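Trainee: Here it is, the structure, as structure tokens.
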Amino acid sequence: DTAVSQTPKYLVTQMGNDKSIKCEQNLGHDTMYWYKQDSKKFLKIMFSYNNKELIINETVPNRFSPKSPDKAHLNLHINSLELGDSAVYFCASSDRGFTEAFFGQGTRLTVV
Amino acid sequence: SQQGEEDPQALSIQEGENATMNCSYKTSINNLQWYRQNSGRGLVHLILIRSNEREKHSGRLRVTLDTSKKSSSLLITASRAADTASYFCATGAYAGNMLTFGGGTRLMVKP
Chain A
2 DTAVSQTPKY
12 LVTQMGNDKS
22 IKCEQNLGHD
32 TMYWYKQDSK
42 KFLKIMFSYN
52 NKELIINETV
62 PNRFSPKSPD
72 KAHLNLHINS
82 LELGDSAVYF
92 CASSDRGFTE
102 AFFGQGTRLT
112 VV
Chain S
8 SQQGEEDPQA
18 LSIQEGENAT
28 MNCSYKTSIN
38 NLQWYRQNSG
48 RGLVHLILIR
58 SNEREKHSGR
68 LRVTLDTSKK
78 SSSLLITASR
88 AADTASYFCA
98 TGAYAGNMLT
108 FGGGTRLMVK
118 P
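Protein sequence lines, in the order shown, are assigned to chains A and S. One point on numbering: in the working numbering, the residue at position 54 of the first sequence is 55, and numbering is uninterrupted. One point on numbering: in the working numbering, the residue at position 82 of the second sequence is 89, and numbering is uninterrupted.
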């Protein structure tokens, strides 16, 4: 069974559209994350979330918003997509915010 | 600015040689972790070293941590072609409740 799964794996969409990426973890972890990996492979933390607290990287545009229906899910909603949003987005989870993290396989978003 | 920065950005070695990657960070940490990413895949956790530890081993991996210099190194001994991947360090801290990654080192091991 996949520990952290995210869908879709690939997403191609036009500028201005709104899209969502789903993430689910079956590890019972309290903390989930979203990371953005750019073309240079740099990983940037976007959000850290547990059932008590959402921490937002202040550099993330407010077009990006995490939605957590329950502890096992953290979805990423992106409004008004821009060309610069093209990247690979990774979901991850960990027991606590600074312990070993388990990553999903990534969603490659291409905005055209 | 990023918390962790790896050095070198890219490293090419022959199979059987050792590979050393370095990581520097800026703030106080609870632990430092190393991850591996194969092309087109997610990151996989390799090893975690706590701030009160100086050295840790796991198979062919050896990690050192110098909190006074805010730096860490990852040594892969007797490298194999299958070790070809990108390696990232990540710092974990109580404050912020998140892992912060560096830019990674791309390792190529030639058969």
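Every residue, glycine too, gets a C-beta built ideally from N, C-alpha and C. These figures come from a predicted structure and were not determined experimentally.
Should the segment 56-75 of chain A be called in touch with the segment 17-28 of chain S, which here means at least 3 C-beta pairs below 8 Å?
Mentor: With the cut-off at 8 Å, the segment 56-75 of chain A and the segment 17-28 of chain S do not touch.
Trainee: Per DSSP, which one or two residues make a beta bridge with residue 61 of chain A?
Mentor: According to DSSP, residue 61 of chain A bridges with nothing at all.
Trainee: Relative to the C-alpha of residue 19 of chain A, which residue among A:91, A:104, A:83 is closest?
Mentor: Considering only alpha carbons, the answer is A:83.
Trainee: If I'm right that residue 5 of chain S touches residue 12 of chain S with Cβ under 8 Å, what's the distance once you round it to whole angstroms?
Mentor: Because chain S spans 8 through 118 in this model, residue 5 of chain S falls outside it and cannot be assessed.
Trainee: Touching or not, the segment 75-93 of chain S and the segment 37-52 of chain S, by the rule of three or more beta carbon pairs under 8 Å?
Mentor: The answer is yes - the segment 37-52 of chain S touches the segment 75-93 of chain S, with three or more Cβ pairs under 8 Å.
Trainee: Give the residues from the segment 42-56 of chain S that approach chain A closer than 9 Å (Cβ to any Cβ), ordered along the chain.
Mentor: If the cut-off is 9 Å between Cβ atoms, the segment 42-56 of chain S has 42, 44, 47, 48, 49, 50, 51, 52, 55 near chain A.
Trainee: Between the beta-carbon of residue 21 of chain A and the beta-carbon of residue 79 of chain A, is there less than 9 Å?
Mentor: Yes.
Trainee: Using a C-beta to C-beta distance shorter than 9 Å, which residues of chain A count as neighbours of residue 72 of chain S?
Mentor: What residue 72 of chain S touches in chain A: nothing, since even the nearest Cβ is about 15 Å away.
Trainee: Ends of the beta strand (DSSP E) at residue 23 of chain A?
Mentor: Note, residue 23 of chain A: beta strand (DSSP E), 20-26.
Trainee: Taking Cβ positions only, does residue 9 of chain S come closer than 9 Å to chain A?
Mentor: Only weak support is given to the placement of residue 9 of chain S: the predicted model assigns it a pLDDT of 41, under 50, and the question is left unresolved by the model.
Trainee: For the beta strand (DSSP E) that residue 81 of chain S lies in, which residues bound it at each end?
Mentor: 78-83 is the extent of the beta strand (DSSP E) around residue 81 of chain S.
Trainee: Please list, in chain order, the chain S residues whose beta carbon lies closer than 9 Å to that of residue 105 of chain A.
Mentor: By Cβ distance, chain S contributes 49.
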